[in-house]
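Structure first, commentary second.
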Amino acid sequence: MSTGQVLYEPIESVERMEYYQEGGYHPVEIGDRFHGRYRVVHKLGHGTYSTIWLARDEISNRYVAVKICTADSDPLETDTLSELSEPLKSSDIGTTMIPSMLDRFNIQGPNGNHACLVTSPARMSLSEAKNGSWIGLFQIDVARALAAQLATVIRYMHSEGFVHGDLHRGNILLQPQSNFDKLSTKELYELYGEPELEPVNRLDGQTPPPGVPKYGVVPIWLGESSEKVTLPEARIILADFGQTFSPTREKRFESHTPLLIRPPEARFEPTMPLTFSSDIWTLACTIWDIVAQRSLFEGFLTNEDDMTCQQIAALGPLPTEWWEKWEGRGNHFTDDGEPNNRVTSQYRSLEDAFELNIQQPRSQAGMPPLGLSERDALFAMLRPMLSFKPENRSSAQQVLESEWMVKWAIPEYERIRSSQDSYSGRNFT
Numbered sequence: 315m316s317t318g319q320v321l322y323e324p325i326e327s328v329e330r331m332e333y334y335q336e337g338g339y340h341p342v343e344i345g346d347r348f349h350g351r352y353r354v355v356h357k358l359g360h361g362t363y364s365t366i367w368l369a370r371d372e373i374s375n376r377y378v379a380v381k382i383c384t385a386d387s388d389p390l391e392t393d394t395l396s397e398l399s400e401p402l403k404s405s406d407i408g409t410t411m412i413p414s415m416l417d418r419f420n421i422q423g424p425n426g427n428h429a430c431l432v433t434s435p436a437r438m439s440l441s442e443a444k445n446g447s448w449i450g451l452f453q454i455d456v457a458r459a460l461a462a463q464l465a466t467v468i469r470y471m472h473s474e475g476f477v478h479g480d481l482h483r484g485n486i487l488l489q490p491q492s493n494f495d496k497l498s499t500k501e502l503y504e505l506y507g508e509p510e511l512e513p514v515n516r517l518d519g520q521t522p523p524p525g526v527p528k529y530g531v532v533p534i535w536l537g538e539s540s541e542k543v544t545l546p547e548a549r550i551i552l553a554d555f556g557q558t559f560s561p562t563r564e565k566r567f568e569s570h571t572p573l574l575i576r577p578p579e580a581r582f583e584p585t586m587p588l589t590f591s592s593d594i595w596t597l598a599c600t601i602w603d604i605v606a607q608r609s610l611f612e613g614f615l616t617n618e619d620d621m622t623c624q625q626i627a628a629l630g631p632l633p634t635e636w637w638e639k640w641e642g643r644g645n646h647f648t649d650d651g652e653p654n655n656r657v658t659s660q661y662r663s664l665e666d667a668f669e670l671n672i673q674q675p676r677s678q679a680g681m682p683p684l685g686l687s688e689r690d691a692l693f694a695m696l697r698p699m700l701s702f703k704p705e706n707r708s709s710a711q712q713v714l715e716s717e718w719m720v721k722w723a724i725p726e727y728e729r730i731r732s733s734q735d736s737y738s739g740r741n742f743t
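Going by my numbering, the letters in the sequence shown line up with residues 315 to 743, in that order.
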């Protein structure tokens, strides 16, 4: 979405006001009522193509999330969700991790016609939980359960013919606590604070036009720091299906996944359509993110060459045909594959990253580190998921059948399921 010439003072944690224009966001105020039943009480967040609002459904007397898409966005996400969340379609446990679409409608506003999607609200994303923590770690039983659920929902999506296309911890949400709907709006504000309204100001001092809100709304914080998340609270919902596609229906060549976890074929095989294997690469990176303090591949304002160097350090040499077509390799490696500069030589192997980002931080935080047998099983699962060539990667089903999943991760998730009567009758594998 491009912006016009009018610029606004930025507001921390709030979407850019420049995107309130024709084809862009719809202006929303606290107290607005949509579709004759959804009264806005707070804001949950925003994305590039939507704002998400916490509303009270005055008919069912529960809280919902109302996602209001930009007027120029592709509404196919709602169709994808309709297919994946159909309750009678599958007994797969993965359906419980897809947002149930409670309602869909359109609204007409000053910036155009906007598709709206109503789902159950989430508590926070895994990114928000880690960012709100002093140590950036989940307890190991929680991390295992989160990883098992993530592999399960990706296996379900793949079995239904869909690639998620934008898998990262920011799109993995924790479900709200069971008593959330019982809170009145007054009690909600007492617990989490009233909406924080920040005035919207144009840099040129002029009055904002009608399509721009008078105030920016700072999102509500319903979560807590990652290390405080307990096992019963570790129930996920996968979010953001804006990049989801079906390889049998369309060919997708460009990956919009963040560069740090983008599958390497998006760079080295740009004329080959993306497949289910692209999700497997990002699944591996995200599982690492869940277990570790820091990401497997890192960088601020990094570029594709830096990412490739980190991938080689962690995973070994590139496939020969990729190595030969990589124009920038001479800036980082000798012809026989040895690092030729200090920066490249400092990138870590998978084993070193494990010690630095998993074992040491867990010990420093007073959390038990992983045992040797679990470490070996984790590596044995991750390495084939991180094969450079997509055709050599594990399938999601094979990930679920790995020793680490079977012996460590799935049993922790089963402990959550055993206390959830609503999950009865659904198949795990």
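Backbone N, C-alpha and C fix where the C-beta goes; we use that ideal spot for every residue, glycine too.
Taking C-beta separations shorter than 7 angstroms and ignoring five residues to either side along the sequence, P523 has no partners in its chain. For the 8 angstroms CB-CB criterion, M411 and L552 form a contact.
G556 and V355 have their C-alpha atoms roughly 25 angstroms apart. For W602, the enclosing alpha helix (DSSP H) starts and ends at 590-605. Between N654 and A627, the alpha-carbon positions lie close to 13 angstroms from each other. Around the beta carbon of L395, a 10 Å sphere encloses 16 or more other beta carbons of the protein chains shown; the residue is thus reported as buried. In the displayed model, W367 falls within a strand according to three-state DSSP. Uninterrupted beta strand (DSSP E) stretches at least 3 residues long and entirely within the stretch 454-497 occur at 486-488, given in chain order. M415 sits in coil when the DSSP states are folded into three classes, being neither helix nor strand.
Classified as exposed, S405 has fewer than 16 neighbouring CB atoms from the shown chains inside 10 Å of its CB.
Y322 and G337 have their alpha carbons spaced roughly 18 angstroms apart. With 16 or more neighbouring CB atoms inside 10 Å of its own CB, R676 falls in the buried class. Under the DSSP assignment, A723 falls outside any alpha helix (DSSP H); it carries neither an H nor an E label. E336 carries a coil assignment under DSSP once its states are collapsed to helix, strand and coil.
With a beta-carbon spacing of about 5 angstroms, G408 and V467 fall inside the 8 angstroms limit used to define contacts.
About 5 angstroms separates the Cβ atoms of H472 and F590, confirming a contact at the 8 angstroms cut-off. Around the beta-carbon of W595, 16 or more other beta-carbon atoms lie within 10 Å, marking it buried. Residue ranges of uninterrupted beta strand (DSSP E) with 3 or more members, entirely inside the stretch 515-546 and ordered along the chain, are 529-532. Contact between E329 and Y339 holds: their C-beta atoms lie close to 7 angstroms from each other, under 8 angstroms. According to DSSP, residue pairing for C430 in a beta bridge involves I382, F419.
C-alpha of K528 to C-alpha of E512: approximately 9 angstroms in a straight line. For E568 and P584, the gap between their C-alpha atoms comes out near 7 angstroms.
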